[in-house]
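Scroll down for the structure; my scribbles are underneath it.
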Amino acid sequence: MGERARLVNVLVTGGGFLGSALARRLLARGDGVRVFGRRARPALRAEGVEVLCGDVADPAHVAAAVAGCEAVFHTAAQVGSWGRPALFERTNVEGTRNVIAACLQHGVRRLVFTSSPSVAHGRGDCEGIDESHGYAEAFDAEYPRTKAIAERLVLAANGRALATLALRPHLMWGPGDTQLIPRVVARARAGTLRLPGGPAKRVDCTYVDNAVDAHLAALARLAPGAVCAGRAYFISQGEPLPQRDLITQVLEAVGIPGPFPTVAPWILRRAGAAAEAWWRVRGIWDREPPLTRFVARQLTSAHWFDISAARRDLGYEPRVSIATGLARLRRDAFGS
Numbered sequence: 000m001g002e003r004a005r006l007v008n009v010l011v012t013g014g015g016f017l018g019s020a021l022a023r024r025l026l027a028r029g030d031g032v033r034v035f036g037r038r039a040r041p042a043l044r045a046e047g048v049e050v051l052c053g054d055v056a057d058p059a060h061v062a063a064a065v066a067g068c069e070a071v072f073h074t075a076a077q078v079g080s081w082g083r084p085a086l087f088e089r090t091n092v093e094g095t096r097n098v099i100a101a102c103l104q105h106g107v108r109r110l111v112f113t114s115s116p117s118v119a120h121g122r123g124d125c126e127g128i129d130e131s132h133g134y135a136e137a138f139d140a141e142y143p144r145t146k147a148i149a150e151r152l153v154l155a156a157n158g159r160a161l162a163t164l165a166l167r168p169h170l171m172w173g174p175g176d177t178q179l180i181p182r183v184v185a186r187a188r189a190g191t192l193r194l195p196g197g198p199a200k201r202v203d204c205t206y207v208d209n210a211v212d213a214h215l216a217a218l219a220r221l222a223p224g225a226v227c228a229g230r231a232y233f234i235s236q237g238e239p240l241p242q243r244d245l246i247t248q249v250l251e252a253v254g255i256p257g258p259f260p261t262v263a264p265w266i267l268r269r270a271g272a273a274a275e276a277w278w279r280v281r282g283i284w285d286r287e288p289p290l291t292r293f294v295a296r297q298l299t300s301a302h303w304f305d306i307s308a309a310r311r312d313l314g315y316e317p318r319v320s321i322a323t324g325l326a327r328l329r330r331d332a333f334g335s
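Residue numbering for the sequence shown follows our numbering, starting at 0 and increasing by one per position.
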């Protein structure tokens, strides 16, 4: 991962957890960095990042953001396990089409798309699968369904004019996380967290610094005709653990000790389906149910992936272990 892409200007769409970490790393190594998204991101602006506000679903906004850039990291996405399908289509599918079109319009040569392993995770266990495993045949939420469409669009756009690839970082976490850890912590503090009982299911994850490393390594190797061009790669720690152990360790790191109640997996799955049905009847789309089918499936199935291809083709190596990441999370939570 020591290869260095010689860049002048890089666009990062989306300035959330991953996008902000990526922008800061690019800035630290001397690249010109522009972040494009819906929010003003004053902290990034204060650090020297150019921030443009706009809508990824608006072609004119995207074209203006891409203009003058040599490479694009497309991390912007509508996330979550609940919401109106049109909202996910608008951001994840139409937004990605706009990014591809703008890259071709402005002569951008490299596009790295942040995808998700959930595009390949159907309704059973995924244990050590590699990229030869196809897309899931059915999805429990709009997020993975629309990310699968977007990933296909990005990989199909690969060619002489624009080299593309997709990265699938799994369950990103670390200090500054705005999705995974806050949701688990909120449920634990409210006393509503339930972990699956029965045989232990193993899962893997990705510490945020490792996800950033993977994106930079991908860009360094990406070029028209490169072995990685037009391909998708699973990214993770390479340290699958029993899911209950991982969740418990994360919660203990932020000061919430276990043990936590367990529930039979079939109860969690039925509860997720029932909660979604009730939310639909009530017409609630602006906030997630207490449990969804997607979250229940994630909690009750194994999901860890073979990262050999990323190691081979990108030179990716997860340098921050889970233990080290937990120590950093603890320091961030308690300041020591």
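Glycine included, C-beta positions come from ideal geometry on N, C-alpha and C.
- Put simply, the stretch 104–115 does not touch the stretch 125–137. Fewer than three CB pairs are less than 8 Å apart.
- Pairing Phe333 with Thr74, the inter-Cα distance amounts to about 30 Å.
- In the DSSP assignment, Arg330 falls within the alpha helix (DSSP H) that extends over Ile321 to Phe333.
- Looking at Glu316, Leu179, Ala64 and Arg83, the one whose alpha-carbon comes closest to that of Tyr232 is Glu316.
- The alpha-carbon separation between Asp54 and Glu150 amounts to approximately 19 Å.
- For the 8 Å CB-CB criterion, Trp172 and Ser235 do not form a contact.
- Excluding sequence positions up to five before and after Thr177, its CB lies within less than 8 Å of the CB of Gly15 and Phe16, all in the same chain and listed in chain order.
- Taking a C-beta distance under 8 Å as the contact criterion, Arg201 and Ala301 qualify as a contact pair.
- Contact between the stretch 184–201 and the stretch 137–149 is absent, with fewer than three C-beta pairs closer than 8 Å.
- Shown here for Ala263: same chain residues with a beta carbon closer than 7 Å to its own, the five before and five after excluded, namely Gly196 and Gly197 in chain order.
- Counting along the chain, Phe138 sits inside no beta strand (DSSP E), nor does DSSP assign it H or E at all.
- Here DSSP, grouped into helix, strand and coil, assigns His132 to coil.
- Exclusion of the five residues before and after Gln242 leaves Lys200 and Val202 as the residues of its chain whose Cβ lies within less than 6 Å of its Cβ.
- By the Cβ test, the stretch 310–328 is not in contact with the stretch 281–298, since fewer than three Cβ pairs between them sit closer than 8 Å.
- Cβ contact annotation for Gly123 (same chain, cutoff 8 Å, sequence separation greater than five): Ser300, in chain order.
- The DSSP-derived three-state label of Asn157 is coil.
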